[in-house]
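Residue numbers (the numbering used here): 17 to 467. Here the structure comes first, spelled out in structure tokens, and everything after it is commentary.
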Ligand code: SF4
């Protein structure tokens with residue numbers, strides 16, 4: 017995998033020149049077939065307020081065309097903050113002597129996952145620093161413990177890059193998505209930000225997804241940490257990365273995350289490049305229009321109000337109730353956090369807010385478990401076939417949530433109203449009939465029903 021930095025810088029410069037074509041590019045984007053890097057660069061250059069609004073609107077419409085109204089909710093689970101890397105922006109960097117280091121045991125990880133399960137989560141993203149003492153075997157033992165001792169239905173991993181044989185072992189443990197961020201695709205900035213540890217090797221990290229897919233990970237998640245370099249360079253490079261995966265392996269990146277640099281204990285003093293809210297909105301919209309099949313993921317680094325906007329402008333997944341410290345759910349609070357979060361609402365608050373926005377909160381995990389992954393997933397989403405599954409599965413998981421949280425004193429009127437309204441919106445008569453039957457089974461106590 018190569019990033020042609022000169023070409024990307026050139027596209028950023030030429031983006032302004034191509035601006036006059038942006039209405040035509042938006043028309044093309046509305047077809048939900050993706051965009052070239054040239055088109056994406058032009059859209060990132062839009063400044064005219066009416067065109068900017070048209071960009072957000074088109075991205076929202078394309079998201080709905082691809083995934084329906086559903087917004088998937090998940091939580092990260094931090095396993096270990098031991099790390100041998102020196103990333104200047106991260107609270108876990110090895111030179112940070114002030115952070116208390118800890119690694120959860122598999123039993124601790126189970127305890128954490130159970131807290132999340134009680135909240136209503138069905139999928140969890142394990143996050144870990146890079147330290148050979150807490151390497152592959154450790155992560156696998158945590159994955160297996162969570163599958164064995166909790167009701168979590170899918171476990172994803174955000175962890176250090178590895179070689180193909182190690183990836184094979186990780187995949188065999190039942191992990192769904194493997195996620196790793198390039199942080200910045202701009203090589204000189206990357207080298208400056210990563211002065212120590214294995215992560216210094218730009219190319220090894222850039223090739224990580226080629227190795228992961230080769231090893232059998234059908235679904236991989238990519239992203240850039242916006243704020244290290246010009247956000248347009250990193251956005252366009254992330255899109256180029258996904259296009260590379262599609263060319264080589266027939267599937268786009270399963271997810272594109274959009275982390276923005278946040279204050280971290282004894283990390284950098286402020287972001288090297290400030291990224292404004294308007295730029296985050298543009299980045300989300302351009303990711304959606306350039307790679308329509310990808311889940312565009314917004315974390316709790318962003319404030320609640322902005323997240324509400326972004327789910328109408330192309331984002332399709334939100335993390336919720338996140339603690340970025342190992343043990344943060346069951347006891348440690350924020351003491352060991354990697355970075356400070358901006359949206360501290362509970363899952364119930366986030367879920368209710370998504371519903372109040374007229375969208376459909378979803379705790380679905382189906383595709384990973386029925387093999388709608390990789391090339392098949394990309395093909396089905398691009399053909400517009402995924403939204404019917406997403407909608408029906410979101411309704412089923414929301415119904416489970418409502419039934420299971422009833423005893424906890426949660427206010428469920430908004431959730432129940434959303435379920436009823438969403439059932440009315442199911443157009444396919446066969447799916448509607450089967451959905452009503454499955455909903456009845458859930459009422460009778462069955463769980464984990466899906467399409
Ligand atoms: S049906 Fe597939 S794509 Fe849709 S929410 Fe469920 S797992 Fe995700």
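Glycine is no exception: its CB is placed at the ideal position from the N, C-alpha and C atoms. This structure is a prediction, so every number in the text was calculated from the model and none was measured.
Here residue 91 carries a strand assignment [DSSP, helix/strand/coil]. Counting along the chain, residue 365 sits inside no beta strand (DSSP E); it lies in the alpha helix (DSSP H) bounded by residues 363 to 372. Taking C-alpha positions only, residue 336 is separated from residue 221 by approximately 28 angstroms. At least one heavy atom of ligand 1 falls within 7 angstroms of the beta-carbon of residue 388.
In the DSSP assignment, residue 174 falls within the beta strand (DSSP E) that extends over 170 to 174.
Taking one beta carbon from each stretch, the region 113 to 128 and the region 403 to 410 have fewer than 3 pairs nearer than 8 angstroms; the two do not touch. Cβ atoms of residue 239 and residue 274 come within 8 angstroms of each other, at about 6 angstroms. In this structure the region 370 to 383 lies against the region 123 to 140, because at least three pairs of beta carbons, one per stretch, are closer than 8 angstroms. Selection 38, 65 and 244 evaluated against residue 58 yields 38 as nearest (Cα-Cα). Residue range 139 to 144 is occupied by the beta strand (DSSP E) that includes residue 144. Distance from the CA atom of residue 417 to the CA atom of residue 20, rounded to whole angstroms, is 46 angstroms. Within the DSSP bridge table, the entry for residue 377 names 87 as partners.
Not one heavy atom of ligand 1 lies closer than 7 angstroms to the C-beta of residue 233.
Residue side-chain check: residue 101 keeps its Cβ at 7 angstroms or more from all non-hydrogen atoms of ligand 1. The three-state reading of DSSP puts residue 277 in coil, since its state is none of H, G, I, E or B.
Judged by beta-carbon spacing, residue 161 lies beyond the 8 angstroms limit of residue 195, meaning their Cβ atoms are not closer than that value.
Distance from residue 94 to residue 344 at the Cβ level is roughly 6 angstroms; contact confirmed, criterion being Cβ atoms closer than 8 angstroms. Per DSSP, residue 164 is one residue of the alpha helix (DSSP H) stretching across 152 to 165.
Not one heavy atom of ligand 1 falls within 7 angstroms of the beta-carbon of residue 87. Residue 87 is not a Cβ neighbour of residue 447, given a cutoff of 8 angstroms. Within the region 263 to 328, the alpha helix (DSSP H) runs of at least 4 residues that lie entirely inside it are, in chain order, 293 to 306 and 320 to 326. For the 8 angstroms CB-CB criterion, residue 457 and residue 465 form a contact. In this structure residue 461 is exposed. Its beta-carbon is surrounded by fewer than 16 other beta-carbon atoms within 10 angstroms. Counting the other CB atoms within 10 Å of its CB gives residue 424 a total below 16, which places it among the exposed residues. Sequence-distant Cβ neighbours of residue 293 in its own chain, meaning closer than 8 angstroms and more than five residues away, are 322.
Using a Cβ distance threshold of 8 angstroms, residue 277 and residue 242 count as a contacting pair. Ranked by how close their Cα comes to the Cα of residue 291, the residues 113, 131, 216 and 245 have 245 in first place.
Of all alpha-carbon atoms in 395, 320, 342 and 432, the one lying nearest the alpha-carbon of residue 371 is that of 432.
Distance from the Cα of residue 384 is smallest, within the candidate group 170, 115, 41 and 66, for 170. Taken from the Cβ of residue 405, at least one heavy atom of ligand 1 lies inside 7 angstroms.
Listed as beta-bridge partners of residue 199 by DSSP are 240.
Taking one beta carbon from each stretch, the region 45 to 60 and the region 304 to 322 have 3 or more pairs nearer than 8 angstroms; the two touch.
Taking C-alpha positions only, residue 225 is separated from residue 420 by approximately 38 angstroms. Residue 338 has its CB no nearer than 7 angstroms to any heavy atom of ligand 1.
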